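Data first, discussion second: the structure below is written as structure tokens.
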């Protein structure tokens, strides 16, 4: 372990300098030789490092979201080449390259912390062995060796012998109880952080290599912390416990405020946002405005939770706008279709009443006004239709009802024409049945 830590010795001087600067501040409040002064110096070092790593954390979130969008394509590749693992891996690598994503991006914060971790371990190990390092001189070295955190020296380990622990003015029981509690808390916080990511912020229904990787990390990392933790000094355990708690809190904030689309966390977030917008009749916060703006812009591509959110606003008489705001609209009720095709708040278009084909033909046959204002002469069929119902035509002496009936020729032609078109002429009320 000393060999590995020595590889990062180039950063031990900056790390030791930062610890000393924080110690000078906390030493004035709690005393220079107390565990509070040295312990809070290590905690402050962790916070400073994690603040500097926020850009990497943002990049990690973007990479994770990009992997989520690739899951359908990854599933297709798995099904297509399920019998050829080599071809499946090649296609996966090709997909990663084309999309510009990397499945290892989720490990960026941990990899970036590694130099600081090994440098801090090297500093604390030198304190335990009584060697000066970096800017820690003899006076600071003696002060650090006297510092105890709940009875455990800052440089003591779980595996130290009773004689070595006694040389640090402590008992073996105190050291092992404190280190065991810190190791359990460190492993539990790591497991809870990864489990929170798997259960709330990803779609577990799609089985992909990325999902398998995240599931593996959920169990592997806590075990690694438990195994290697017994060889860590108390100061390093303080470092890792602090960084795990920071990561857990940071992830909880991101999941609550900016969840992955399609996840359970997004469903809970949109439900809270809908209640807030419905209650205040407006959108509060720039982040919420951007969320609604993105949902409206998706249109047909909205997922189930986003469609439910838009429909909930519509039922409340609110219409989501393209700029992320909402307006009250009476016509917003039931205008949003299930696939999001109709814009929220758009008035429903009235469809013209459909007429039967017989009425359309009658309207075409009716007299219209010519462009020069002269009325078109009505057809014999229309003249018959214009006669009153009680004005039946006179029956000829020969008993025949054909030949002398007004408009009979025109009607027969019209009838034959309609029969050729496949339509039946409506019977006149005065005609015999």
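Numbering (this note's numbering), first residue to last: 110 to 542.
Note that CB positions come from ideal geometry on N, CA and C, so glycine has one too.
These numbers come from a predicted model, not from an experiment.
Using the three-state DSSP reduction, which class does residue i fall into: helix, strand or coil?
i           : result
residue 431 : coil
residue 186 : helix
residue 425 : coil
residue 261 : strand
residue 242 : strand
residue 392 : coil
residue 478 : With a pLDDT of only 43 at residue 478, under 50, the local geometry of the prediction cannot be trusted, and the value read off the model is given with reservation. It is a strand residue.
Considering Cα atoms alone, identify which of the options is closest to residue i.
i           : options            : result
residue 340 : 276, 231, 256      : 231
residue 259 : 199, 279, 432      : 279
residue 244 : 164, 130, 172      : 130
residue 267 : 251, 180, 235, 346 : 346
residue 306 : 382, 409, 424, 174 : 174
residue 338 : 288, 384, 424      : 288
residue 406 : 159, 269, 430, 192 : 430
residue 223 : 202, 203, 159      : 159
residue 235 : 350, 342, 192      : 342
From residue i to residue j, what does the alpha carbon distance come to, in whole angstroms?
i           : j           : result
residue 335 : residue 299 : 11 Å
residue 415 : residue 404 : 7 Å
residue 277 : residue 265 : 8 Å
residue 360 : residue 294 : 17 Å
residue 357 : residue 378 : 18 Å
residue 240 : residue 262 : 16 Å
residue 144 : residue 127 : 17 Å
residue 412 : residue 376 : 10 Å
residue 452 : residue 366 : Bear in mind that the predicted position of residue 452 carries a pLDDT of just 43, short of 50, making it unreliable; the figure below should be weighed with that in mind. Taking the straight line joining both Cα atoms gives about 26 Å.
residue 121 : residue 394 : 43 Å
residue 380 : residue 389 : 14 Å
residue 301 : residue 396 : 27 Å
residue 172 : residue 225 : 24 Å
residue 333 : residue 422 : 48 Å
residue 249 : residue 165 : 34 Å
residue 152 : residue 354 : 11 Å
residue 424 : residue 467 : 42 Å
residue 329 : residue 292 : 15 Å
residue 270 : residue 284 : 10 Å
residue 331 : residue 438 : 53 Å
residue 137 : residue 238 : 26 Å
residue 167 : residue 348 : 22 Å
residue 550 : residue 272 : Past the boundaries of the shown model lies residue 550; the chain is included only from 110 to 542, so the question cannot be answered.
residue 350 : residue 286 : 16 Å
residue 410 : residue 181 : 14 Å
Does the Cβ-Cβ distance between residue i and residue j come in under 7 Å?
i           : j           : result
residue 281 : residue 290 : no
residue 374 : residue 310 : yes
residue 157 : residue 135 : no
residue 210 : residue 176 : yes
residue 325 : residue 304 : no
residue 147 : residue 297 : no
residue 219 : residue 200 : no
residue 124 : residue 253 : no
residue 205 : residue 196 : no
residue 208 : residue 179 : yes
residue 344 : residue 233 : yes
residue 383 : residue 418 : yes
Leaving aside the five residues before and after residue i along the sequence, list all residues of the same chain whose C-beta is less than 6 Å from its C-beta, in chain order.
i           : result
residue 352 : 155
residue 221 : 162, 165
residue 139 : 145, 146
residue 544 : No answer is possible for residue 544: it lies beyond the span of the chain, which begins at 110 and ends at 542.
Can you list, in chain order, the residues of its chain whose CB lies under 7 Å from that of residue i, leaving out five sequence neighbours each side?
i           : result
residue 392 : 386, 398, 401, 433, 434, 435
residue 170 : 363
residue 188 : none
residue 370 : 412
residue 368 : 310, 374, 375, 378
residue 480 : Low confidence applies to residue 480: its pLDDT is 45, below 50, so where it sits in the model is not reliable enough to give any reading.
Taking only heavy atoms of the ligand ZN into account, decide whether any of them is closer than 6 Å to the Cβ of residue i.
i           : result
residue 306 : The ligand ZN is not among the ligands present in this structure, which contains no ligands whatsoever.
Give every residue of the same chain whose Cβ lies closer than 8 Å to the Cβ of residue i, excluding the five residues on either side of it in the sequence, and list them in chain order.
i           : result
residue 247 : 241
residue 308 : 373
residue 141 : 132, 252
residue 119 : none
residue 192 : none
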